[in-house]
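Engineer:
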Amino acid sequence: MTDQEIVYDIFNYILEMLEPNGADASYCYERATMVPPITAESLAELDMHRIINNPKLRHDVNFDRDLHFRPNLDGSKGRQKVKSAEQYWQALEGELFMLAFGAQMKMQAADPRIVAYWERVLKHSQRRLRSMFEAIRDILKTLVPDYEQKTVIERLDVDLIMQEISNGVCDLLSLSTWLTKVLKAHCAPMRDDMVDEMQQDIEVGALEVRHEKLVSGLRQLLSILEAMKLDVANHQIRHMRPLLVDDTVNFQRHYNAHRIATGKIDVCKARKWFDAELENLTTPSYQATHLQALTSALLKDVLFNESNPIPPTFYLDSDRLKCIRLDVRSTVCYSLCRKVLAELAPTRVTSSELLRAQGALHASISAIVGISGRFTERIENIAVEIVRILLILEGRYPPLDTSLLGIVEQKLAVALNPASEAFDQIARDTCDRLLPKVTMSVEEHIRLSALDLQNALITPTSNQLPPPPIGFGAVLAPPEPTRNYDPDDDIVRRLTHVICLHWNVWADLVYLAPMPAEPEMSDAESPTSPGSSESLSPTMPIARAVYAPGKKWLPVGVTVTAVSTGIPTPASSPETKPEQHSPGSPSQSDAQQEQESLDAQQQQQHPTNAPQLIAQHDTRLRSPRLKPHTMPSFLQPLATLNPPCNARTWSSTPHPHLPIIATACSDKTVRIYSLQNFQQQSNISGGHKRSIRSCAWKPNSKGESVLATGSFDASAGIWRRWEEGGGQGKPAEIDFTGGLAGGDEDDDQEDEWRFAVILDGHDSEIKSLAFAPTAPLLATCSRDKSVWIWEELEDDNFETVAVLQEHEGDVKCVAWHPGEELLASGSYDDNIRLWREDVDDWACCALLTGHEGTVWWVEFEDANNIYALGSSEGLNEQQQAYVQTRLRSGPRLISCSDDMTIRIWRKVPKDKPEQSAVGTKMPSIWKNNDFEEDWVEEARLPRAHERPIYSVSWSKKTGKVVSTGSDGKIVVYEESWRKPQATNGGTDGDVVMSGGTPAPDVEDLSSAKAIGSDGHLGGLTEWNVVAEVENAHDVFEVNHAVWAPRADKGKQVEEEEVIVSTGDDGEVKVWNLET
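Per UniProt numbering, the sequence shown starts with residue 1, numbered consecutively.
See the structure below:
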């Protein structure tokens, strides 16, 4: 039986044998995610170093004394998370049933074949239990002190536990007792009841063989661990709040200086917005201050510019300003509703009666529109309330007279329209009323520190205990002075807090700084001496943090330097400097890649007595820089796909026909981005336990998108999604803590990706995979030196058709021929092998040698690339022969290597074999000579890289080539006809190609001997670098670059392409090749 048949048997056993919900458990066992709902990765946001280095949280803590973490289960995404968790636990119940049922049937079996069958069933039943125990272990390790780490690792030895479960000797009672002891020793006393209930459920489930009770106990265990992490994180925030708040301005100044220097904030846009208001307020007789201009501009934006985005310098306050705008608009709408009531009220009503009626209307409307302030959506309900109050004033209620409803609804519809004259007038009156109050309040508080601002403007929580008495008996204290109630006070305080904090951070960076001018000289033409003032420019900011031990979680390019401090900081274990590995990226092990910091560590001492640690930006950070020498084209940054990944990204693969692209990330996810708006469309996660190294789209799939993923966990996954509405959409998944600091809780877009099947077989991490364009085949390659070929059958069933093991090292890449069932693979052994099927087995048909280092990437060109050289008209005899040879040879192969070369390989076409005189040949058991192929090195592209080249891509539209690698460069090459030059004046009519190689005879063009001295076939064509950009991803290595069809609004022609690069900084960038 095949593995797939075993899996189907498992589904049927759960369906038929598990009572009473076997059908649900079987469905969930097949479809539910493999990863527990709560893992160490999902709780990583609660780690102290993540909290300390989270700019959004460090800003929000200024405005909320009770800022805390909580599980984000609100909105449609929250419901989806709850649903996914329920399916996971039902699937786990089915798995526990199968482990018990399989062990029982194995013990009862006497036939060795039946015993072997049930052993396979037990092996394939273990789908989720291992990852759940790993999650428990990893979370618990973050909650116990160092001296208990060894005990946790020993007691939660997952391999041992799984062996015990398989053999039916796992002592869950002892394990639950130990867990109870550990949890009670470290959790808050209020969690003890949860721990006791967890232990009771596990004991009942183990003793009575009740799988639902076991699942309930394990579910409670993860919930307790999550609650403990939340308790610890919230406790740390409460105690660190004064330090975080006090360091806000200093931290944000340097952090934002870095963002400005790297082009992530449009300073010019914010400055123009500010200068326009300053000019508007200034008159010949009055010079407005900069602070007045900022206050006025922001208030007007809040009231009148709802359709326009706020300036980019307010990116951390965007949600706060939206709330203020909603409240101010609600104030305007309340005034308009009261005005409508006053217009329709009887003339005999006194002013005091009208005021009471308007107060009652205000209270009723508050209940109708709620905190969301949906006035225009509730016009009918508001109209009913106004009519009811009017009838009460006239003494005619009840009953309700509906004859007035139409008139009131019409008046409300006109008044509540933001474009109406009445709305505009009330809004301007509100602005005139608020502006002097806010201006005065800002001038009063502008000199306060961030901590004093919070104490002055944020109301203390009401649940604090009263201060202890100072003496004995009663103390006579003077009464507090009475204050007149101002309904605008809350909005004034909130705006004051935002403006004061914003000014202290951004004044010197933007509003008072000289206007940024276009650079007149390139970096190479404007050197800066180390001792000049430019050495302290925003390109090398120093961001101070109160406590920042987590170097790898700092903003990109930031490192930490310890400074003598007077404030006690939590002790952190010393971090080991990562070993240098050449070339440094794709060849490193997964453990090294995920543990090392993304920045180079620089230790520089700064003499200061400030009680803090200094996080210093790496001075090597640079913006992308074009090569100074003249080129016919240049690469222009078009966009950075948003949001970026917070870990290394490996590669990006464009969809065969939709304007989307898939990016493989080391955080175990694949991110799907739209190439129309450059925003994330969905986030595929849950299928793999380790980094996802590569992904590939299935070509020619109709009606649905099929994506294959290869992971460092040695498995490949197949994901499917119907193509309805593909290419557009919002992110399908938001962060666990999104609701805390401005996360999107109203995102109703559901993640439609479904995990169809997982392919196991490799012994080590999968490095690359590819679908064949001409057959239902999938190729995967691995560090285990093998290439596997899988054939897709029906109903998500994949069968292994070949395991190719002739490489002598790690296999880095695979690529299919565009028109034949021919597979290429590149390896750590410096060789390229070509594979095809011979009779009924796959074998190596060609070995391509020549590279002197690891072959990182191979790719076939498109079959139509020959026409990129231009029309066949006007070609001489040699050029026409070259075209015919290319057509007979078929698509070429390109490769890049550790030896910093890019080589192009061409198949040597064979003459057609003569027909046998005897007739049909007898079948042979030996390898067919026609099976073997001859491939020769046709060309080497100009050397443009200074370090290993990781990726090379061939454009299907233009035949151009793009490469990238460890040196951070992106280089574009183009092939063209080489111009002939006469020798010695050319008097004899003979022609030689540039480089000194004589033109070959026509009949020699198909042979290997026709390669010119520079590596070109017959010297008839040449490759030139047409564009180059350095530091494409700052100082980080670029792992992949690929051509993709352009789909955004700036697209000018139908066949236009862009280049998409993927780097160690977690960003995916889009480049436009301009001439």
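Yeah, the Cβ is synthetic: ideal placement off N, Cα and C, and Gly gets one too. If you're wondering where the values come from, they're calculated on a predicted model, not measured in any experiment.
Using the Cα positions of residue 126 and residue 7, report the straight-line distance between them to the nearest angstrom.
Structural biologist: In the sequence shown, residue 126 corresponds to position 126, counting from 1. In the sequence shown, residue 7 corresponds to position 7, counting from 1. Taking the straight line from one Cα to the other gives about 11 Å.
Engineer: Apart from the five residues on each side of it in sequence, which residues of its chain come closer than 8 Å, Cβ to Cβ, to residue 342?
Structural biologist: Stepping through the sequence shown from its first residue, residue 342 is reached at position 342. Close CB contacts of residue 342 within its chain, under the 8 Å cut and outside five residues either way in sequence, are with 354 and 358 (chain order).
Engineer: What are the boundary residues of the alpha helix (DSSP H) that residue 178 is part of?
Structural biologist: Locating residue 178 in the sequence shown gives position 178, where the first residue counts as 1. Looking at the DSSP string, the run of the alpha helix (DSSP H) that includes residue 178 is 172 to 186.
Engineer: State yes or no: is the C-beta of residue 697 within less than 8 Å of the C-beta of residue 653?
Structural biologist: Numbered from 1 along the sequence shown, position 697 holds the residue referred to as residue 697. Numbered from 1 along the sequence shown, position 653 holds the residue referred to as residue 653. Yes. Within cutoff.
Engineer: Beta-carbon separation of residue 710 and residue 661 under 8 Å?
Structural biologist: In the sequence shown, counting from the first residue as 1, residue 710 sits at position 710. In the sequence shown, counting from the first residue as 1, residue 661 sits at position 661. Contact flag unset, no.
Engineer: Give me the residue from 866, 309, 857 and 281 with the minimum Cα distance to residue 810.
Structural biologist: For the purposes of this step, residue 810 is taken as the residue at position 810 of the sequence shown. Of the candidates 866, 309, 857 and 281, the one whose C-alpha sits nearest the C-alpha of residue 810 is 857.
Engineer: Out of 393, 632, 659 and 714, which has the shortest C-alpha to C-alpha gap to residue 1060?
Structural biologist: What you label residue 1060 is simply residue 1060 of the sequence shown in a count that begins at 1. For residue 1060, the nearest C-alpha among the options comes from 659.
Engineer: Of the choices 835, 867 and 802, whose alpha-carbon is the least far from that of residue 1099?
Structural biologist: The question about residue 1099 has no answer, for the chain in this structure spans 1 to 1075.
Engineer: With DSSP collapsed to three states, give me the class of residue 404.
Structural biologist: Here residue 404 refers to the residue found at position 404 when the sequence shown is read from its first residue. Reduced to three states, the DSSP call for residue 404 is helix.
Engineer: Which class does residue 1072 belong to by DSSP, given the choice of helix, strand or coil?
Structural biologist: In the sequence shown, the residue the question calls residue 1072 occupies position 1072. Secondary structure of residue 1072 (DSSP, three-state): strand.
Engineer: Output yes or no for whether 8 Å exceeds the beta carbon distance between residue 976 and residue 962.
Structural biologist: Your numbering for residue 976 matches position 976 in the sequence shown. Your numbering for residue 962 matches position 962 in the sequence shown. Between residue 976 and residue 962, the CB-CB gap reaches or exceeds 8 Å.
Engineer: State the DSSP-derived secondary structure class of residue 286, mapped to helix, strand or coil.
Structural biologist: Position 286 of the sequence shown, counting from 1, holds the residue named residue 286. DSSP, read as helix, strand or coil, puts residue 286 in strand.
Engineer: Return the first residue and the last residue of the beta strand (DSSP E) that residue 838 is part of.
Structural biologist: Here residue 838 refers to the residue found at position 838 when the sequence shown is read from its first residue. First-last of the beta strand (DSSP E) with residue 838: 832 to 838.
Engineer: Tell me the rounded alpha-carbon separation between residue 145 and residue 103.
Structural biologist: Locating residue 145 in the sequence shown gives position 145, where the first residue counts as 1. Locating residue 103 in the sequence shown gives position 103, where the first residue counts as 1. The C-alpha of residue 103 is placed about 38 Å away from the C-alpha of residue 145.
Engineer: At a cut of 8 Å, does the stretch 420 to 437 reach the stretch 312 to 332 through at least three beta carbon pairs?
Structural biologist: Below 8 Å, enough C-beta pairs join the stretch 420 to 437 and the stretch 312 to 332 to call them touching: three or more.
Engineer: Is it buried or exposed, residue 147, if we count other Cβ atoms within 10 angstroms and call 16 or more buried?
Structural biologist: In the sequence shown, residue 147 corresponds to position 147, counting from 1. Its Cβ having fewer than 16 others within 10 Å, residue 147 is exposed.
Engineer: Keeping to the same chain, check which residues put their C-beta closer than 7 Å to that of residue 245; ignore five residues upstream and five downstream.
Structural biologist: On the sequence shown, residue 245 is found 245 positions in, with the first residue counted as 1. Here the set comprises 61, 62, 450, 451 and 454.
Engineer: Looking only at its chain, what residues have a beta carbon closer than 7 Å to the beta carbon of residue 793, apart from the 5 residues adjacent to it on each side?
Structural biologist: Taking the sequence shown and counting its residues from 1, one reaches residue 793 at position 793. 799, listed in sequence order.
Engineer: Do you know offhand how far residue 747's Cα is from residue 75's?
Structural biologist: By one-based count along the sequence shown, residue 747 stands at place 747. By one-based count along the sequence shown, residue 75 stands at place 75. Low per-residue confidence applies at residue 747: pLDDT is 42, beneath 50, and the placement is therefore not dependable enough to give any value.
Engineer: Do you know how far the Cα of residue 372 is from the Cα of residue 247?
Structural biologist: As a working note, residue 247 is residue 247 in the sequence shown. As a working note, residue 372 is residue 372 in the sequence shown. Approximately 34 Å between the Cα atoms of the pair.
Engineer: Considering only residues of the same chain and omitting the five flanking positions on each side of residue 899, which have a CB-CB separation below 6 Å?
Structural biologist: The sequence position of residue 899 within the sequence shown is 899, counting from 1. Taking residue 899 as the centre and dropping the five residues before and after it, the same chain places the C-beta of 851, 852 and 853 closer than 6 Å to its C-beta, in chain order.
Engineer: Which residue's Cα is closest to the Cα of residue 712: 667, 754 and 722?
Structural biologist: Stepping through the sequence shown from its first residue, residue 712 is reached at position 712. For the residues 667, 754 and 722, the minimum Cα distance to residue 712 belongs to 667.
Engineer: Under 8 Å, do residue 239 and residue 511 count as touching if we go by C-beta distance?
Structural biologist: The residue labelled residue 239 in the question sits at position 239 within the sequence shown. The residue labelled residue 511 in the question sits at position 511 within the sequence shown. No, the Cβ-Cβ distance between residue 239 and residue 511 is not below 8 Å.
Engineer: For the 8 Å Cβ check, are there 3 or more pairs between the stretch 266 to 274 and the stretch 309 to 324?
Structural biologist: Counting C-beta pairs with one atom in each stretch, the stretch 266 to 274 and the stretch 309 to 324 have three or more that are closer than 8 Å, which means they touch.
Engineer: Below 6 Å CB to CB, which residues in the same chain sit around residue 153 once its five sequence neighbours on both sides are set aside?
Structural biologist: Here residue 153 refers to the residue found at position 153 when the sequence shown is read from its first residue. For residue 153, where only same-chain residues beyond five positions count, there are no Cβ hits under 6 Å.
Engineer: Classify residue 1067 as buried or exposed, calling it buried when 16 or more other Cβ atoms lie within 10 Å of its own Cβ.
Structural biologist: Locating residue 1067 in the sequence shown gives position 1067, where the first residue counts as 1. Looking at its Cβ environment, which holds 16 or more other Cβ atoms inside 10 Å, residue 1067 is buried.
Engineer: Do you know offhand how far residue 232's Cα is from residue 779's?
Structural biologist: The sequence position of residue 232 within the sequence shown is 232, counting from 1. The sequence position of residue 779 within the sequence shown is 779, counting from 1. Answer to the nearest angstrom: the Cα atoms are 46 Å apart.
Engineer: Measuring CB to CB, does residue 379 end up less than 8 Å from residue 412?
Structural biologist: The count along the sequence shown starts at 1 and reaches residue 379 at position 379. The count along the sequence shown starts at 1 and reaches residue 412 at position 412. It is a contact, given that the beta carbons lie within the stated cut-off.
Engineer: Residues bridged to residue 431 by DSSP?
Structural biologist: On the sequence shown, position 431 is the one that residue 431 refers to. Partner(s): none; residue 431 has no beta bridge.
Engineer: What does residue 1059 pair with, by DSSP beta-bridge criteria?
Structural biologist: For the purposes of this step, residue 1059 is taken as residue 1059 along the sequence shown, with counting starting at 1. Paired residue(s): 1043 and 1071.
Engineer: Is it right to say residue 77 is buried, meaning 16 or more other beta carbons lie within 10 angstroms of its own, or is it exposed?
Structural biologist: Residue mapping note: residue 77 aligns to position 77 of the sequence shown, counting from 1. By the 10 Å Cβ count, residue 77 comes out buried.
Engineer: Can you tell me the Cα-Cα spacing of residue 753 and residue 720, whole angstroms?
Structural biologist: Residue mapping note: residue 753 aligns to position 753 of the sequence shown, counting from 1. Residue mapping note: residue 720 aligns to position 720 of the sequence shown, counting from 1. Straight-line Cα distance between these residues: approximately 6 Å.
Engineer: Would you give the residue range spanned by the alpha helix (DSSP H) that residue 874 belongs to?
Structural biologist: The residue you call residue 874 lines up with position 874 of the sequence shown. Counting along the chain, residue 874 falls outside any alpha helix (DSSP H), and DSSP gives it neither H nor E.
Engineer: Using the Cα positions of residue 924 and residue 699, report the straight-line distance between them to the nearest angstrom.
Structural biologist: Within the sequence shown, residue 924 is the residue found at index 924, counting from 1. Within the sequence shown, residue 699 is the residue found at index 699, counting from 1. A caution first: residue 924 carries a pLDDT of 38, below 50, which makes its placement in the model too unreliable to give a value.
Engineer: Given this structure, state the Cα-to-Cα distance separating residue 19 from residue 112, to the nearest angstrom.
Structural biologist: Sequence index remark: in the sequence shown, residue 19 carries index 19 (1-based). Sequence index remark: in the sequence shown, residue 112 carries index 112 (1-based). Rounded to the nearest angstrom, the two C-alpha atoms are 29 Å apart.
Engineer: Quick check on residue 1036: does DSSP put it in helix, strand or coil?
Structural biologist: By one-based count along the sequence shown, residue 1036 stands at place 1036. Coil at residue 1036, not helix or strand.
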